[in-house]
Amino acid sequence: MITAGIDIGAVAAKSVILDTKGHILGSCILSTGSDTKKTAEQIMERVLKEADIGFKAIDFIVGTGYGRFNLPFVSKQVTEISCHAKGAHHLFPDTKTVIDIGGQDAKAIRLNDKGEVVDFVMNDKCAAGTGRFLEVMAQALGTKIEDLGELAFKSKNLVEISSMCTVFAESEVVSLIASACPVEDIAAGLHRAIVDKVMAMANRLGCVENVTLSGGVINNTAVVLSLKNKLSGKINIPVSPQIVGALGAALIARKYIKGTD
Amino acid sequence: MKIKPITQSTRKSQFNNLHQLLKNATRKESPFYTLESSKKKMFLTANLFRKAYREDSIVVWRSSFLPTEPLFALDFIPFPAESVVSMLTNSGLGAKVLNVAEEQFYSRDTCSFLRGTYGAVKEDCLPTPDFLACTSMYCDASAKLFYNLSKKYNKTYFYIDVPYHHEQSYALDYVAKQIEEMTEKMAKIVGRKLDYSKLTEAIKFSNEARDYFVQINKLRTMKPAPMLGAEALNHTVMLAHTWGSQEIIEVYKLLYEELKQRVDNKIGAIEGGERYRILWRNLKPYYSDYITSYLELEKKAAIAFEEANFIYWEEMDPNEPYKSLAKRMLSNPPLGDYKRWLEATLSFVNNYQIDGIIEFAHWGCHHLNSCTQILKETLENKGVPLLILDGDCIDSRDYSDGQIKTRIDAFLEILEREKKQR
Chain A
1 MITAGIDIGA VAAKSVILDT KGHILGSCIL STGSDTKKTA EQIMERVLKE
51 ADIGFKAIDF IVGTGYGRFN LPFVSKQVTE ISCHAKGAHH LFPDTKTVID
101 IGGQDAKAIR LNDKGEVVDF VMNDKCAAGT GRFLEVMAQA LGTKIEDLGE
151 LAFKSKNLVE ISSMCTVFAE SEVVSLIASA CPVEDIAAGL HRAIVDKVMA
201 MANRLGCVEN VTLSGGVINN TAVVLSLKNK LSGKINIPVS PQIVGALGAA
251 LIARKYIKGT D
Chain Y
1001 MKIKPITQST RKSQFNNLHQ LLKNATRKES PFYTLESSKK KMFLTANLFR
1051 KAYREDSIVV WRSSFLPTEP LFALDFIPFP AESVVSMLTN SGLGAKVLNV
1101 AEEQFYSRDT CSFLRGTYGA VKEDCLPTPD FLACTSMYCD ASAKLFYNLS
1151 KKYNKTYFYI DVPYHHEQSY ALDYVAKQIE EMTEKMAKIV GRKLDYSKLT
1201 EAIKFSNEAR DYFVQINKLR TMKPAPMLGA EALNHTVMLA HTWGSQEIIE
1251 VYKLLYEELK QRVDNKIGAI EGGERYRILW RNLKPYYSDY ITSYLELEKK
1301 AAIAFEEANF IYWEEMDPNE PYKSLAKRML SNPPLGDYKR WLEATLSFVN
1351 NYQIDGIIEF AHWGCHHLNS CTQILKETLE NKGVPLLILD GDCIDSRDYS
1401 DGQIKTRIDA FLEILEREKK QR
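For the record, the sequence lines run as chains A and Y. Heads up: the first sequence begins at 1 in our numbering, then just goes up one per residue. Heads up: the second sequence begins at 1001 in our numbering, then just goes up one per residue.
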């Protein structure tokens, strides 16, 4: 029984293939282009190559993420909320809350003892508190998104970023640069802002220990450190936080084959 | 300081202004009219609306909870100045009137119903009022807007204070007296004498319409749901706006008969059967039918009942019209602390065999959003899933189908699992 999960997010597409025992045979991450169908085909081709199997070997595919619809080879669509919960619970069975920070949305999910979704909250109105926010700010600071976290670590005197609107925050950053504020202090302030926003959402849900972090933004070490400072109890961080949703999708696919879901 | 009137247009030219705006609007009327009574309701609303533009009509701009029976008794035309924005939005004019209001210093963080009203006033497409009347239920911002507009139109403003502590012994007489004084003063200003028998008659009409609506709501407890929530939500504005008119009896009588026929023949409103039963809290977005059509038509999640259509008051005494109207106002569940409203919500969960609740949390509504946490905790203790959809009923500029769809899908996944486990 081989299953695949494919998670087409707003910024990145992720895929995971599981073998009969539920071990990861292959996983892959690509940028989501303008054509989600094409992206899905590309990522499937790559993940099959990594798993070293042919397409026909896969018994069931579950699609998730904003681009989960109208994918030709997907047998079932499941929301990213259920998939992140499933993936996080599989990796860390003690998970009670998942905090997922993706490219264009952030969510907090509460799980029961079986790893099932009890409740969830997602960001409202705008991209504040998501990867896109950091991406725009990295650009304003003249650095790469992947270097932003490291830059924040060099800060000696964090500055408060008061604007949560991405556009206003960008103007605030530009003003701070103009007033000769060190970029590392601005970077640290930006990480604080994003974490404050996410934590407000998680607390709205009722953030129960233990917490598993997922999503591409969790690759940013400054965000993780800042979250650790705000959270109590055990915090689980997956080796590859970006593929948790796709992993969950592949796990849910196994249940469909068994007919238990 | 003398304030220059906001407009000196005739109502005829205001109607032409509205007509011009609607001509350029793109959106068509909601498709959710599967019942003849819904069409009848639409004609009645349109007729009342049209009358408000007649030069010889006495038009009273009223906020949502101001009783209409005294107005009908005086042959006045009640005009729902806030909720008319939902009609404009339904026709594709929401963003237009909001933009106009925002140009006049109205912040986007204020309630879009009120912002929209102000925008429509600036567009001069609403009929100039003869009076403006408001209550303290439950929105201070609407009272301030109405006051502001009364100055701009240079018309008399009435305000009925409905105490938060509705259970206090003084409350009934206090509210009744204000309604009576308002009615008499309005009559005096226009040189009419209130025919008390017409007020008694208006109360009787309300009772008759109410009786049908109570029966309608009883029919809606049945499985499968005989009425689409999308269609029922379109009755909501009407419900508040037409009590005391004779015509409304016919609408609700027909609605009752249509639903009874469906229930007797076990015909559900959702083709292919319903999978989940939803309780809807608050109003809906008026610029898009996506949420309700996705829920009901695609996912087979019947909106079995919506709180806005709850008949919360007892039959009124035609011999005590003012006290009866006051009693009705005071028995409105959201008035006062949250306890009464919560109890009502929990009773709907039982009566309508609800699987989950969706609350459409209108962004600018401080009244509504202030108690969400209590609602959430209470429902969690009772094991009733709740989805809070943050959004705006009028302002479509922060809305996206995709965002909503993911939230609804995830909520239905929870309901599905719970259904299997039961």
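Even for Gly, the Cβ is constructed at its ideal location relative to N, Cα and C.
Practice task
May I ask which residues mark the beginning and end of the alpha helix (DSSP H) holding S1086/Y?
Solution key: 1084-1090
Handout entry: CA nearest to the CA of K1152/Y, picked from S1142/Y, F1043/Y, T1128/Y
Key = T1128/Y
Handout entry: Sequence-distant residues of the same chain with beta carbon closer than 6 Å to V74/A, five excluded per side
Key = I61, G63
Practice task
Count the other CB atoms, across all protein chains shown, that sit within 10 Å of the CB of M1001/Y; report buried if there are 16 or more and exposed otherwise.
Solution key: Reliability fails at M1001/Y, whose pLDDT of 49 lies under 50, so the model's placement of it is uncertain and the value that follows must be treated cautiously. Exposed, since its Cβ has fewer than 16 Cβ neighbours within 10 Å.
Practice task
Compute the Euclidean distance between the alpha carbons of E1314/Y and D1109/Y, then round it to the nearest angstrom.
Solution key: 37 Å
Practice task
Say whether chain Y places a C-beta atom closer than 8 Å to the C-beta of I81/A.
Solution key: yes
Problem - Coarse secondary structure for Y1352/Y, derived from DSSP in three states - result: coil
Exercise for the section: Return the bridge partner residues of R254/A from the DSSP annotation. Expected result: Answer is none; R254/A lacks a bridge partner.
Handout entry: Where the alpha helix (DSSP H) containing S1206/Y begins and where it ends
Key = 1196-1219
Problem - Straight-line Cα distance separating E45/A from W1363/Y - result: 44 Å
Practice task
Pick helix, strand or coil for H1366/Y, following the three-state DSSP scheme.
Solution key: helix
Practice task
Please state whether DSSP places P241/A in a helix, a strand or coil.
Solution key: helix
Exercise for the section: Say whether chain A places a C-beta atom closer than 8 Å to the C-beta of A1120/Y. Expected result: no
Problem - Separation of D19/A from S27/A, as counted between CA atoms - result: 12 Å
Exercise for the section: Can you grab the Cα-Cα spacing for the pair V78/A / K1382/Y, in whole Å? Expected result: 27 Å
Handout entry: Distance CB(Q1014/Y)-CB(D1124/Y) smaller than 8 Å
Key = yes
Practice task
Determine the chain Y residues that contact V117/A at a beta-carbon separation under 9 Å, and present them in chain order.
Solution key: A1410, E1413, I1414, R1417
Problem - First through last residue of the beta strand (DSSP E) which encompasses L1386/Y - result: 1386-1391
Practice task
Verify the CB distance criterion: does T1345/Y have a CB-CB separation below 8 Å to chain A?
Solution key: no
Problem - Touching by the beta-carbon criterion (3+ pairs, under 8 Å), the region 1384-1398 of chain Y and the region 1102-1122 of chain Y - result: yes
Practice task
Quick one: residues in its chain with C-beta nearer than 7 Å to the C-beta of L141/A, no 5 flanking neighbours on either side, listed in chain order?
Solution key: V173, V183, I186, A187
Problem - Simplified DSSP assignment, three categories, for R1011/Y - result: helix
Problem - Nearest candidate by alpha-carbon position, reference H1235/Y, set S1091/Y, K1039/Y, A1025/Y - result: K1039/Y
Handout entry: Rounded separation between M122/A and I6/A - CA only
Key = 21 Å
Exercise for the section: Taking only beta-carbon positions, decide if M122/A is within less than 8 Å of chain Y. Expected result: yes
Practice task
Step through the CB atoms of chain Y and report whether any lies within less than 8 Å of the CB of V78/A.
Solution key: yes
Handout entry: Neighbour-count burial assignment, V239/A, 16 or more Cβ in a 10 Å radius
Key = exposed
Problem - Contact list for the region 241-261 of chain A against chain Y, Cβ threshold 8 Å - result: none
Exercise for the section: Just the C-alpha distance for E1103/Y and K1096/Y, rounded to the nearest angstrom, thanks. Expected result: 11 Å
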